[in-house]
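Worksheet: one structure, shown below.
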Amino acid sequence: MSREQQAVARARKAFETGRSKPLEYRILQLKNLQRLFTDKQKLISDAIKKDLHKSTEGCQLYETLGVEGEISLVISKLKEWAAPRPVKKNLMTLSDTIYIQPEPLGVVLIIGAWNYPWAVTIQPLIGAIAAGNAVVVKPSEVSAHTAKVMEELLPLYIDKELYPVVTGGVPETQELLHQRFDHIFYTGNSVVGKVIMEAAAKNLTPVTLELGGKSPCYIDKNCDISTACRRITWGKYTNCGQTCIAPDYILCEPSIQDRVIEEVKKSIKDFYTDNPKTCADYGRIINQRHFKRIMAMMEDSTVAAGGENDESDCYIAPTVLRDVKPEAKVMQEEIFGPLLPILSVSGLDEAIKFINKREKPLALYVFSHDNKVIQRMKDETSSGGLLANDCLVHFSVNSLPFGGVGNSGMGCYHGKFSFDQLSHLRGCLIKKLNMEGVNSMRYPPHTAQKLRWARLFILKSVDLGWMGRMALLSIMAVVAAVVLQNYLF
Ligand code: NAD
C-alpha cells in the first residue's frame, strides 16, 4: 500500500468508528485547531515568509486572521447549522414530520493551492470538520515550507487518523485521486480542475472547484479616481498579484487612462515606497517558472510604470501596462502576478460586451458613484462575486458564498456555505401509520374523483403556525373521514 492509500484507508476506518460525528467532538477539534494558530503563529509566518516573502503582519492579515474568525463563527453556530431544518409542507403531508437533516459525506479530500496556503487549505478543512467528515489534507507542494509546517503541526493538534496530511506533488496527488472519496475540494487552476473532475467522475464523487481566471475591473470616468486607484492598487499588488480574486485588468475610457496611471503610481509609492524590492510588505513571485511566465506576458505591451525585475530574487516590481490590446499576451490567460494592464473601452456598454465575450470571472469589480452603472454591471454580466468600489474584501465576509461560476469554478464555501457544501442535506419525512384514509386518493384504482382530491392536497402548500396547524389537522381529519365514507370505498 502506498503512503497515500494508507492515509485514505486510515481516515475511512476512523470515520467508520463514528467519532467524527458528535458535535462535541467536532467542536473540540476546531478548538484545538484554533489553538494551533495562537501557539504556532511564528512558525507559520516564518514559513510563509520563506515561501512568498509575506511579512509577519501580512501573514496574519491575509492568512490566519480569516481562518481564526471562521473557526470562532463555526464553533458558535455549529449546533444551529447541524440541527434538523423544518420545511414547508403540503396538505397531504401536514401531519408528518418533515425536515432536512445535514449529515456528513464521509471522507473528503482537500487539495490546496500555494498562494494563500493556509487560507485555501484550512478554511475548507474547518467546514469539513464542522460537517462531521474525515478529511485528507493535501497542501500545495509549491509553497514547500508551509506544506512542511502544516504536515508537522496539524497532527499535533487534531485527530491525526481522521484528518491526515499528505504532502507531495503531482504524482502523490494523482495517487490520491485514484482513491475513492466522498467529496473532493480543489483549489487551483482550471486546467488541473478538469483533471480533478475527470478523476472524481470515475467514482461519481462530487467536487468543489475553486478556480481562478481574469477578474475584470471597470472604472467609470465619473468616479473618485484617486480613491478607486488606491483600492485597486491594494487589490492588485497584495501578495505580488498572486491572488485568485485580484483585479486582473482595468477597463476604462481613454480620457482617464493617464490619470489612472498616475494615481496607481502614487499609491504604489505610498504602499511600497520608491523601491518595493526593499519593502517588507511587497511579496515575491513563488518560483522561477512563474517568474518567467509573468515576464513573458509583458513582451508585446507598453510599460507605463514599474517593469523592473530580478530573476534571482523572483522579484517583479508593481507594473502598469498602458494601451493594452485584447490580443496582447497579457490578456490571454490569468496573470497571477503584479502586472496591471489598462484597456480602452468607449464606456459601460462596451465594457459589458467585453466581459461577456470572455469566460465568467471569479470576481468582477466596478468603480462608480452612479448606482445605475453598478446596477447595470450586476444585471448584465455574470461572475463568482461582484464588488462595487472596492477589491478583495468580499472574501472576508463569511455570510457571503465564495466561489466561481463556469470557468472560475463550481460550488462555494465560507461560513455556513462550507458546512452545507460538505454535508449531505438529507430530506427526511417521518409519517405515522395512521390516517390511511387520506392516502387512498393516491392508490389505484385511479379515478377522476381521487385526482381532484389529490390536486387539492398536493398542490396546496401550507405555512401555518402551531394553532393553524392544529385547526387544519382537525378539518383534515373530518375531510378524510368524509372522503373515506362517501367517495373512496
Ligand atoms: P498549485 O500548483 O499549488 O496546484 C494546486 C494543487 O493541485 C496542488 O496541491 C498540486 O499538487 C495539485 N496539482 C497540480 N497539478 C496537478 C495534476 N496534474 N494532477 C493532480 N494534481 C495536481 O496551484 P495553482 O494551480 O498554480 O494555483 C493558482 C490558481 O489557483 C490560479 O488560477 C488561482 O486563481 C487559483 N486559485 C483559486 C482560489 C479560489 O479560491 N477560487 C484560491 C487560490 C488560487
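Letter 199 of the sequence shown, counting from 1, is numbered 199 in our numbering, and no numbers are missing. Heads up, the beta-carbon is just placed ideally off N, CA and C, and yes, glycines get one too. All figures in this text were calculated on a predicted structure; none of them were measured in a lab.
- Selected residue, minimal CA-CA separation from S399, among E70, T173, E333: In the sequence shown, counting from the first residue as 1, residue 399 sits at position 399. When each option's Cα is compared against that of S399, the closest is E70.
Quiz prompt | Residue environment, K236, which counts as buried when at least 16 other CB atoms sit within 10 Å | solution = For the purposes of this step, residue 236 is identified with residue 236 of the sequence shown, where counting begins at 1. Buried, since its Cβ has 16 or more Cβ neighbours within 10 Å.
Original post:
Is the closest heavy atom of the ligand NAD to the C-beta of G112 under 7 angstroms?
Top reply: For the purposes of this step, residue 112 is taken as the residue at position 112 of the sequence shown. Yes.
Exercise. So is P247 buried or exposed if we call it buried at 16+ other beta carbons inside 10 Å?
Worked result: Numbered from its first residue, the sequence shown carries residue 247 at position 247. By the neighbour-count rule (16 or more Cβ atoms within 10 Å), P247 is buried.
Q.
Can you tell me whether A147 is helix, strand or coil according to DSSP?
A. Working through the sequence shown from its first residue, we reach residue 147 at position 147. Helix, per DSSP.
*Rounded to whole angstroms, what's the CA-CA distance from E262 to A317? Just pull it up for me.*
Taking the first residue of the sequence shown as position 1, residue 262 is located at position 262. Taking the first residue of the sequence shown as position 1, residue 317 is located at position 317. Their Cα atoms are separated by approximately 16 angstroms.
Report task. Could you tell me which residues DSSP pairs with D310 in its beta bridges? Result -> Counting from one through the sequence shown, the residue named residue 310 turns up at place 310. The partner list for D310 (beta bridge, DSSP) reads Y315.
- Message: Can you tell me whether K138 sits near the ligand NAD, meaning its C-beta is under 7 angstroms from at least one heavy atom of the ligand?
- Response: Counting from 1 along the sequence shown, the entry for residue 138 is found at position 138. At least one heavy atom of the ligand NAD is nearer than 7 angstroms to the Cβ of K138, so yes.
Supposed contact pair A131 and P86 - C-beta distance, whole angstroms, cut 8 angstroms
Taking the sequence shown and counting its residues from 1, one reaches residue 86 at position 86. Taking the sequence shown and counting its residues from 1, one reaches residue 131 at position 131. So it is not a contact: roughly 20 angstroms between Cβ atoms.
Judging by CA-CA distance, which residue of K31, L78, S301, R180 is the nearest neighbour of A11? On the sequence shown, residue 11 is found 11 positions in, with the first residue counted as 1. The option with the nearest alpha carbon to A11 is R180.
| message | Per DSSP, what are the beta-bridge partners of H424 in this structure? | response | In the sequence shown, counting from the first residue as 1, residue 424 sits at position 424. DSSP output for H424 lists E103 as bridge partner(s).
Exercise. What is the residue span of the beta strand (DSSP E) that L209 lies within?
Worked result: Translated into the one-based positions of the sequence shown, residue 209 becomes position 209. Run containing L209: 207-210, per the beta strand (DSSP E) assignment.
Along the chain, where does the alpha helix (DSSP H) containing P117 start, and where does it finish?
For the purposes of this step, residue 117 is identified with residue 117 of the sequence shown, where counting begins at 1. It spans 117-130 - the alpha helix (DSSP H) in which P117 sits, taken as one unbroken run.
*Is N239 near Y62, with beta carbons less than 8 angstroms apart?*
For the purposes of this step, residue 239 is identified with residue 239 of the sequence shown, where counting begins at 1. For the purposes of this step, residue 62 is identified with residue 62 of the sequence shown, where counting begins at 1. Cβ atoms of N239 and Y62: closer than 8 angstroms.
* Near the ligand NAD: V345 beta-carbon under 7 angstroms from a heavy atom -> Position 345 of the sequence shown, counted from the first residue, corresponds to residue 345. No.
**Distance between D182 and W81 (C-alpha atoms, nearest Å)** = Taking the first residue of the sequence shown as position 1, residue 81 is located at position 81. Taking the first residue of the sequence shown as position 1, residue 182 is located at position 182. When rounded, the distance between both Cα atoms is 20 angstroms.
Can you tell me whether L177 sits near the ligand NAD, meaning its C-beta is under 7 angstroms from at least one heavy atom of the ligand? Mapped onto the sequence shown, residue 177 falls at position 177. Correct: L177 has its Cβ closer than 7 angstroms to the ligand NAD.
query = Is L94 closer than 8 angstroms to G415 when the C-beta atoms are compared?
reply = Here residue 415 is taken as the residue at index 415 of the sequence shown, counted from 1. Here residue 94 is taken as the residue at index 94 of the sequence shown, counted from 1. Contact flag unset, no.
Looking at the secondary structure, which residues open and close the beta strand (DSSP E) in which F185 lies? Mapped onto the sequence shown, residue 185 falls at position 185. Here the beta strand (DSSP E) through F185 covers 183-187.
Exercise. Going by CA-CA distance only, name the one from E151, H145, A144 that's closest to V137.
Key: By one-based count along the sequence shown, residue 137 stands at place 137. When only C-alpha atoms are compared, the closest one is E151.
- Give the single residue among D258, S418, S440, D313 whose Cα lies nearest to the Cα of I225. Position 225 of the sequence shown, counted from the start, is the residue given in the question as residue 225. Nearest of D258, S418, S440, D313 to I225, Cα basis: D258.
The ligand NAD and C244: does any heavy atom of the ligand fall closer than 7 angstroms to the residue's C-beta? Start at 1 with the first residue of the sequence shown, and residue 244 comes out as number 244. For the ligand NAD, at least one heavy atom lies less than 7 angstroms from the Cβ of C244.
- Give me whichever residues DSSP pairs with M410 in a beta bridge. In the sequence shown, counting from the first residue as 1, residue 410 sits at position 410. Per DSSP, L209.
DSSP state of T56, grouped into three classes?
Position 56 of the sequence shown, counted from the start, is the residue given in the question as residue 56. If DSSP states are grouped into helix, strand and coil, T56 belongs with the helices.
Where the alpha helix (DSSP H) containing C229 begins and where it ends: Taking the first residue of the sequence shown as 1, we reach residue 229 at position 229. Element bounds for C229: 225-237.
- Query: Start and end of the beta strand (DSSP E) containing F367?
  - Reply: By 1-based counting over the sequence shown, the position of residue 367 is 367. Its beta strand (DSSP E) spans residues 363-367.
message = What does the Cβ neighbour count give for K89, buried or exposed, with the cut at 16 atoms within 10 Å?
response = Counting from 1 along the sequence shown, the entry for residue 89 is found at position 89. Buried: at least 16 other Cβ atoms inside 10 Å.
- Task: Can you tell me which of the three DSSP states M1 falls into?
- Result: Numbered from 1 along the sequence shown, position 1 holds the residue referred to as residue 1. It is coil, neither helix nor strand.
Open item on the list: So if DSSP puts R322 in a beta bridge, which residue, or which two residues, is it bridged to?
Closed with: Start at 1 with the first residue of the sequence shown, and residue 322 comes out as number 322. Paired residues: T302.
For this session: Look up F402 in the DSSP assignment and say whether it is helix, strand or coil.
Result: The residue given as residue 402 occupies position 402 in the sequence shown. Strand.
With a threshold of 6 angstroms on Cβ separation, who are the neighbours of T542 within its own chain once the five nearest residues in sequence on each side are excluded? In the structure displayed, the chain extends from 1 to 489; residue 542 sits before or after that span and is not available.
Review point. Where are the alpha helix (DSSP H) runs, 4 residues long or more, that stay fully inside the segment 432-457, in chain order?
Key: 436-439
Self-check item: Euclidean distance between Cα positions of A144 and F354
Solution: Your numbering for residue 144 matches position 144 in the sequence shown. Your numbering for residue 354 matches position 354 in the sequence shown. Near 38 angstroms, if we compare the C-alpha coordinates of F354 and A144.
Taking 8 angstroms as the threshold, find out whether the segment 213-223 comes into contact with the segment 356-370 through three or more Cβ pairs.
yes
_Suppose contacts are defined by Cβ-Cβ distances below 8 angstroms. Is G409 in contact with G384 by that definition?_
Taking the first residue of the sequence shown as position 1, residue 409 is located at position 409. Taking the first residue of the sequence shown as position 1, residue 384 is located at position 384. Yes. Within cutoff.
8 angstroms Cβ cutoff, R231 in contact with chain D = Here chain D cannot be found, since the structure has a single protein chain.
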